[in-house]
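K.L.:
Handing you a structure now.
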Amino acid sequence: MIIEQIDTNILIRFFIGDNRVQHRQAEAIFREAEKGKKKLKLTALVIAETAYVLESFYKRLRPEIAQFLKVFISQKWIAVEERTILQNLWSWYLKGFHFVDSYLLASAKINGEKILTFDKKLQKIAA
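Each position in the sequence shown, counted from 1, maps to that position plus 2 in my numbering.
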C-alpha cells in the first residue's frame, strides 16, 4: 500500500468545513485510514503550516488550534513525523511562542540539546 502524505489544505478543510465537498472528502480519507484501507503520513512542516494558516488567515485562537492538532497527532492510524516533539510543543505555543520556536524548545528538551538564537525571549526560556 502506498503511503499518502497529508497536505495542509486537507487538514484545513477538515477543521474549518468551509467547503462542504472537500470537508466530506477529507472525512472519507480519514475514515479509510482509520479502517486500515489507506496509509497516511503527516509531516511536522504541514502541522506548522496548518497552525499558521488557522491562526493568521482564519483567526482561530491558539487553544482551539492546539486542541485540534494535538488530537490529530495522537491518532495511531496516521504516521506522524517527529510525533514526540509535536506532542510536546503545545505548552510553549500556548504561552505565545511561535510554532517554530515551540518546536525548537520541545526538540531541544527531548534530545538534551541547546538552542542557538538571537531571540532574547527564546534565549531566556532555552537556558
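Glycine residues also receive a C-beta, built at the ideal position from the N, C-alpha and C atoms.
Quantities reported herein were computed from a predicted structural model and do not represent experimental measurements.
Using a Cβ-Cβ cut-off of 6 Å (strictly less than) and excluding sequence neighbours within five positions of A128, which residues of its own chain qualify?
P.N.:
For A128, where only same-chain residues beyond five positions count, the Cβ hits under 6 Å are I117.
K.L.:
Can you tell me which of L63, K97, S58, V48 puts its alpha carbon nearest to the alpha carbon of A81?
P.N.:
Ranking the options by Cα distance to A81, first place goes to V48.
K.L.:
Compare the beta carbon distance of K41 and I5 with 9 Å and say whether it is the shorter of the two.
P.N.:
Yes, they are a contact pair.
K.L.:
If you count every other CB in all the chains shown that lies within 10 Å of the CB of S2, and 16 or more means buried, which is it?
P.N.:
No statement about residue 2 is possible, as the shown extent of the chain runs from 3 to 129 and does not include it.
K.L.:
Terminal residues of the continuous beta strand (DSSP E) containing A130?
P.N.:
Nothing about residue 130 can be reported from this structure: the residues present for the chain run from 3 to 129 only.
K.L.:
On the DSSP letters alone, give me the boundaries of the alpha helix (DSSP H) that Q1 sits inside.
P.N.:
Absent from the structure is residue 1, since the part of the chain shown begins at 3 and ends at 129.
K.L.:
Would you call the region 92-99 and the region 56-69 touching, i.e. three or more CB-CB distances under 8 Å?
P.N.:
Yes, since at least three Cβ pairs between the region 92-99 and the region 56-69 fall closer than 8 Å, the two stretches touch.
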